[in-house]
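Reviewing the structure listed below.
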Amino acid sequence: MTTAAPAAQQTEGDRPPRFPRLRAVLHQRRGFSDSEKAAAALLLLATVAALIWANWPGSNSYDEFWRSTIALRISGVTLDLDFRSLVNEGLMTLFFFVVGLEVKREFTLGELSIRSRAVVPVVAAVAGLLVPALIFLAINHTGGTTHAWGVVISSDTAFLLGALAIVGPQLPGHLRTFLLALAVVDDIGALAVIALFYTDHVNIVPLVIAVLGLVVVWAVKYLPLGQGPAYVVISVIVWLAFYASGVQPTLGGVAIALLIPVYSPRRMDVERAAALGRAYRQSPNPAYAQAAVRGLLGSVSVNERLGVLYSPYTSFLILPIFALANAGVQLDGDTVAAAVGSPLTWGIVAGLVIGKLVGIAGATAAMKALRLGSLAPGITFGRLAGGAALSGIGFTISLFIIDLAIPDRRLQDEARVGVLAASLIALLLGWAIFRIADRLQPPSQMTQVLARPVDPTRDHIRGLTDAPLVLVEYGDFECPFCLRATGSIDEVRAHFGDELQYVWRHLPLVTVHQHALLAARASEAAALQGEFFQFAPLMFAHQDALELDDLLSYANELGLDADRFEKDMRSAAVANRVRDDQIDADLMDVHSTPTFFIGGRRHHGPYDALTLIREIDESRPAGEQ
Numbered sequence: 001m002t003t004a005a006p007a008a009q010q011t012e013g014d015r016p017p018r019f020p021r022l023r024a025v026l027h028q029r030r031g032f033s034d035s036e037k038a039a040a041a042l043l044l045l046a047t048v049a050a051l052i053w054a055n056w057p058g059s060n061s062y063d064e065f066w067r068s069t070i071a072l073r074i075s076g077v078t079l080d081l082d083f084r085s086l087v088n089e090g091l092m093t094l095f096f097f098v099v100g101l102e103v104k105r106e107f108t109l110g111e112l113s114i115r116s117r118a119v120v121p122v123v124a125a126v127a128g129l130l131v132p133a134l135i136f137l138a139i140n141h142t143g144g145t146t147h148a149w150g151v152v153i154s155s156d157t158a159f160l161l162g163a164l165a166i167v168g169p170q171l172p173g174h175l176r177t178f179l180l181a182l183a184v185v186d187d188i189g190a191l192a193v194i195a196l197f198y199t200d201h202v203n204i205v206p207l208v209i210a211v212l213g214l215v216v217v218w219a220v221k222y223l224p225l226g227q228g229p230a231y232v233v234i235s236v237i238v239w240l241a242f243y244a245s246g247v248q249p250t251l252g253g254v255a256i257a258l259l260i261p262v263y264s265p266r267r268m269d270v271e272r273a274a275a276l277g278r279a280y281r282q283s284p285n286p287a288y289a290q291a292a293v294r295g296l297l298g299s300v301s302v303n304e305r306l307g308v309l310y311s312p313y314t315s316f317l318i319l320p321i322f323a324l325a326n327a328g329v330q331l332d333g334d335t336v337a338a339a340v341g342s343p344l345t346w347g348i349v350a351g352l353v354i355g356k357l358v359g360i361a362g363a364t365a366a367m368k369a370l371r372l373g374s375l376a377p378g379i380t381f382g383r384l385a386g387g388a389a390l391s392g393i394g395f396t397i398s399l400f401i402i403d404l405a406i407p408d409r410r411l412q413d414e415a416r417v418g419v420l421a422a423s424l425i426a427l428l429l430g431w432a433i434f435r436i437a438d439r440l441q442p443p444s445q446m447t448q449v450l451a452r453p454v455d456p457t458r459d460h461i462r463g464l465t466d467a468p469l470v471l472v473e474y475g476d477f478e479c480p481f482c483l484r485a486t487g488s489i490d491e492v493r494a495h496f497g498d499e500l501q502y503v504w505r506h507l508p509l510v511t512v513h514q515h516a517l518l519a520a521r522a523s524e525a526a527a528l529q530g531e532f533f534q535f536a537p538l539m540f541a542h543q544d545a546l547e548l549d550d551l552l553s554y555a556n557e558l559g560l561d562a563d564r565f566e567k568d569m570r571s572a573a574v575a576n577r578v579r580d581d582q583i584d585a586d587l588m589d590v591h592s593t594p595t596f597f598i599g600g601r602r603h604h605g606p607y608d609a610l611t612l613i614r615e616i617d618e619s620r621p622a623g624e625q
């Protein structure tokens with residue numbers, strides 16, 4: 001049995017790097033559960049530090065520091081920002097840029113490229129904007145606080161993702177992608193609300209310049225050279241134009257990210273990079289080294305390169321600074337006492353906590369019930385409800401709108417208490433929902449039961465689709481143990497005949513089998529031409545020959561359309577098909593191949609033909625054994 005092993009650590013050469021500890025923290029590439037939780041813990045520490053600093057007895061240094069200004073003057077043009085605005089409108093633009101890059105990848109290459117999955121978080125986000133506002137207005141429909149309905153519409157993307165890492169499920173699967181897409185739509189909607197309802201004046205000329213700058217950003221991809229510097233210069237201009245227009249400049253970060261191209265590596269680019277690398281190996285010199293580096297970088301999309309480059313900095317530097325700048329809400333006794341009896345405070349709490357949960361979870365459930373959209377594997381209603389509850393954390397934009405919508409300082413303080421209380425309640429509610437969901441379906445039980453029932457319209461099945469006995473294998477085409485298991489499977493199928501349906505699902509162990517993922521995608525490309533179970537034996541028979549050229553030769557041997565085969569191999573649909581199986585395996589804590597499920601229950605022990613036959617016989621209903 002083959003088990004996934006951790007990838008070997010990479011080194012940058014013999015020369016010791018400058019600032020080794022900082023570089024180690026920023027550039028260490030870990031799995032979700034490690035790096036996201038470390039970043040979330042740092043974010044939480046910064047939040048606590050901000051609260052302590054802001055409420056330190058006899059000191060007003062918190063507000064004084066963050067209200068300190070910095071001015072930049074160039075040729076008569078002055079840019080004045082206080083430190084908090086520099087963080088919220090400057091540094092956070094980079095955070096939203098990185099978030100936008102990830103969303104663009106998901107909508108182009110990832111699970112959200114499937115329209116039925118993409119539409120659900122979009123609709124849920126819209127409901128998550130509308131329902132909280134309606135609840136707030138129901139409580140504050142009269143008086144001078146009605147205009148503050150915008151305080152409850154937005155989730156805080158940074159705190160949402162951080163909270164998910166801390167209190168969410170150990171294996172979030174597709175839930176994080178769903179919430180990320182929802183949060184981006186939520187942010188765009190909230191920024192649009194600020195521009196339409198809370199901005200006194202929009203300067204048209206700078207806004208036009210910003211839009212033209214975005215057009216130029218889109219066109220940069222056609223430059224043969226110098227794309228990197230061009231993106232930097234134009235992005236700075238776009239940010240300045242948004243800032244001068246009065247529109248929240250963080251919106252520019254999202255817009256720029258959505259215009260930067262993303263694509264799967266093309267075969268000709270990869271082969272060119274490999275050829276340049278071989279040339280450097282044969283004749284190492286600076287010119288060949290530069291050419292090899294350019295070739296390697298050029299084979300990967302700008303979107304992915306920028307995401308890898310900036311993501312550690314946003315997670316471990318920008319977000320903690322952001323929390324330190326914004327989480328310092330003063331909580332003196334008089335303010336808290338006034339807030340407890342304030343309809344404004346309770347309207348904000350109800351809007352964020354109840355409105356987000358009901359709006360997002362309700363809209364998603366309705367979309368699924370009406371079959372207007374679908375959820376990715378692993379997003380159960382319990383997990384969805386937990387994520388919807390966490391969306392009630394409304395920090396940044398909520399605090400920002402308070403200053404715009406409420407002129408009275410006393411009411412501002414009550415509103416800030418409401419935002420802080422709602423965020424804390426949303427965090428605890430999300431934690432409670434996740435724990436209840438785990439109790440209803442404990443993780444230990446999830447590892448023993450097939451996460452997703454067999455679907456004849458999707459799964460690769462040998463045998464009758466209505467056969468009473470079911471054997472599911474999670475396998476890897478490069479795994480020698482899976483090769484040995486094929487003989488057992490043939491004997492088992494011969495023994496049961498039409499009573500058994502055999503199902504193959506993918507679990508490429510990429511850390512130990514470098515060709516496994518490519519082979520899995522090749523099998524899916526063959527499946528699109530109706531030849532999955534004809535193509536799979538060829539790969540098992542040649543486990544030492546699973547390079548791209550080898551796979552193309554097997555396709556030709558079967559008479560497949562080679563051009564279509566190669567195109568399908570690189571398609572988002574095929575990548576998502578394989579990834580869905582991988583997500584299922586993660587949810588069930590399956591990390592070795594082959595792993596079998598008999599009658600929906602996980603099989604432990606040997607997988608020789610006699611053992612499998614005995615276990616399958618025992619899986620029959622009691623009256624049929």
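Last residue of the sequence shown: 625 (the UniProt record's numbering), numbering continuous. Ideal placement from N, C-alpha and C gives every residue a C-beta, glycine not left out.
query, result
"Tyr502 versus Met539: straight-line alpha-carbon distance, rounded", "19 Å"
"Assumed close pair residue 640, Phe381 - CB separation to whole angstroms, cut-off 8 Å", "The shown model of the chain, from 1 to 625, leaves out residue 640, and the question about it has no answer."
"Cβ-heavy atom distance, Ile436 to the ligand HEM, below 7 Å", "The ligand HEM is not part of the structure shown, which contains no ligands of any sort."
"Asp617 versus Pro377: straight-line alpha-carbon distance, rounded", "29 Å"
"Bridge partner(s) assigned by DSSP for His70", "The sequence as given places Ile at residue 70; His does not occur at that position. Paired residues: Leu81."
"Inter-residue Cα distance where the pair is Thr47 and Gly359", "27 Å"
"Nearest candidate by alpha-carbon position, reference Arg505, set His460, Ala541, Ala519 and Ala255", "His460"
"Spatially closest choice to Leu424 from Arg73, Lys37 and Asp156, by CA coordinates", "Asp156"
"Helix, strand or coil at Leu420 according to DSSP, with G and I counted as helix", "helix"
"For Phe597: DSSP bridge partner residues", "Val472 and Arg602"
"Distance CB(Phe97)-CB(Ile237) smaller than 8 Å", "no"
"Coil, strand or helix - Gln501 by DSSP", "strand"
"Whole-angstrom distance between Asp549 and Ala520, CA atom to CA atom", "15 Å"
"Proximity winner among Arg493, Pro121 and Leu43, relative to Arg176 (alpha-carbon distances)", "Pro121"
"Neighbourhood of Lys104 by C-beta, 8 Å cutoff - its chain only, sequence neighbours within 5 removed", "Ala257, Leu258, Ile260, Val262 and Asn303"
"Under the three-state DSSP convention, the category Arg452 falls into", "coil"
"Rounded separation between Phe19 and Gly307 - CA only", "Residue confidence for Phe19 is low, a pLDDT of 42 falling below 50, so the modelled location carries little weight; the figure read from the coordinates is stated next. Whole-angstrom Cα-Cα distance: 22 Å."
"Residue closest to Trp239, alpha-carbon to alpha-carbon, out of Arg493, Leu94, Leu427 and Ala522", "Leu94"
"Distance CB(Pro132)-CB(Gly418) smaller than 8 Å", "no"
"Distance between Ala138 and Asp413 (C-alpha atoms, nearest Å)", "21 Å"
"Touching by the beta-carbon criterion (3+ pairs, under 8 Å), the region 147 to 155 and the region 389 to 407", "yes"
"Three-state secondary structure assigned by DSSP to Ile406", "coil"
"Residue interval of the alpha helix (DSSP H) (run including Ile256)", "Thr250 to Leu259"
"Opposing strand residues paired with Ile461 [DSSP bridges]", "Val503"
"Other residues of its chain near Arg29: CB distance less than 6 Å, five sequence neighbours each side excluded", "A caution first: Arg29 carries a pLDDT of 40, below 50, which makes its placement in the model too unreliable to give a value."
"Local Cβ density within 10 Å of Gly386, reported as buried at 16 or more and exposed below that", "buried"
"Beta-carbon contacts of residue 673 that lie in its chain and below 6 Å, excluding the five residues immediately before and after", "Summary: the structure shown does not reach residue 673, with the chain confined to residues 1 through 625, and so no result is reported for it."
"Exposure of Ile204, with buried meaning 16 or more beta-carbon neighbours within 10 Å", "exposed"
"Sequence-distant residues of its chain with Cβ nearer than 6 Å to Leu207 (five each side left out)", "Ser245"
"C-alpha distance - Leu384 paired with Thr396, whole-angstrom precision", "23 Å"
"Through-space distance from Ala541 to Phe477, alpha-carbon basis", "10 Å"
"Of the residues Ile209, Ala158 and Arg452, the one placed nearest Leu375, counting alpha carbons only", "Arg452"
"Local Cβ density within 10 Å of residue 628, reported as buried at 16 or more and exposed below that", "Shown here, the chain extends from 1 to 625; a query on residue 628 therefore has no answer."
"Endpoints, alpha helix (DSSP H) assigned at Lys356", "Lys356 to Ala369"
"Cα-Cα separation, Ala350 to Gly394", "12 Å"
"Nearest to Thr447 (by Cα), restricted to the options Glu102, Val293 and Gln170", "Gln170"
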